[in-house]
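S.K.: Numbering (my numbering), first residue to last: 889 to 1088.
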């Protein structure tokens, strides 16, 4: 699919860009250099997606504000589904609310995360994606494939930890990163919601 190829090129280029910057003062083959490059990539993607998160929060907020009126319509036309739908659509038109707009940002984010997953999965499985397919990035790709963080290959997964030299370290590191990612995602979304509520 053309869009996914284009996104994989962009994602992998950003990853290489961060790696090149960090390599000016860090060991280019070190796991920490690659880990920080991935962190930089994720930060860029998160920043790029902020407008979509804001739209999602606005849409959810609008639907919350309309809840009392929606309940009133449901109660008033409880026995008439068709009239209930007509009145709901009328309410959405009058208030400029689209009930699907809270889902749209999630759908728009999906290709970006598929591209990110594809690039990282390509490093782990030995099937280069994005700019890593280009001959000039072959050595950078090999560097990523063999990098280790705290004695754990950065290509290791929780599921396949038994295939690594130190399965316990792999489990601990993978679990720690999942917890860290969950916490940062929650804090980021919470901050966006608080900022939006202050602006309203």
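Beta carbons: idealized from backbone N, C-alpha and C, even for Gly.
Anyone know if the C-beta pair for residue 917 and residue 1035 falls short of 8 Å?
M.R.: Contact: yes.
S.K.: So the alpha helix (DSSP H) residue 897 belongs to, where does it begin and stop?
M.R.: Where residue 897 is concerned, the enclosing alpha helix (DSSP H) stretches over 890 to 910.
S.K.: Consult DSSP for residue 1038 and reduce its assignment to one of helix, strand or coil.
M.R.: Reduced to three states, the DSSP call for residue 1038 is coil.
S.K.: Quick check on residue 946: does DSSP put it in helix, strand or coil?
M.R.: Correct three-state label for residue 946: helix.
S.K.: Among 996, 930, 950, 1044, which residue has its Cα nearest to the Cα of residue 891?
M.R.: Per the Cα distances, 996.
S.K.: Hey, out of 1065, 1028, 1033, whose CA is closest to residue 1046's CA?
M.R.: Here the closest residue by C-alpha is 1065.
S.K.: Can you grab the Cα-Cα spacing for the pair residue 897 / residue 966, in whole Å?
M.R.: Their Cα atoms are separated by approximately 52 Å.
S.K.: Just the C-alpha distance for residue 913 and residue 925, rounded to the nearest angstrom, thanks.
M.R.: Between residue 913 and residue 925, the C-alpha separation is close to 13 Å.
S.K.: In the DSSP assignment, the alpha helix (DSSP H) including residue 989 goes from what residue to what residue?
M.R.: That residue, residue 989, is in no alpha helix (DSSP H); it is neither H nor E in DSSP.
S.K.: I need the DSSP call for residue 965, collapsed to helix, strand or coil.
M.R.: Residue 965 falls in the coil class under three-state DSSP.
S.K.: CA-CA distance, residue 943 and residue 950?
M.R.: If you take the alpha carbons of residue 943 and residue 950, they lie about 11 Å apart.
S.K.: Could you tell me the distance, in whole angstroms, from the CA atom of residue 934 to the CA atom of residue 968?
M.R.: Residue 934 and residue 968: Cα-Cα distance of roughly 44 Å.
S.K.: Is the CB-CB distance between residue 911 and residue 1007 below 8 Å?
M.R.: In this structure, residue 1007 does not lie closer than 8 Å to residue 911 by Cβ.
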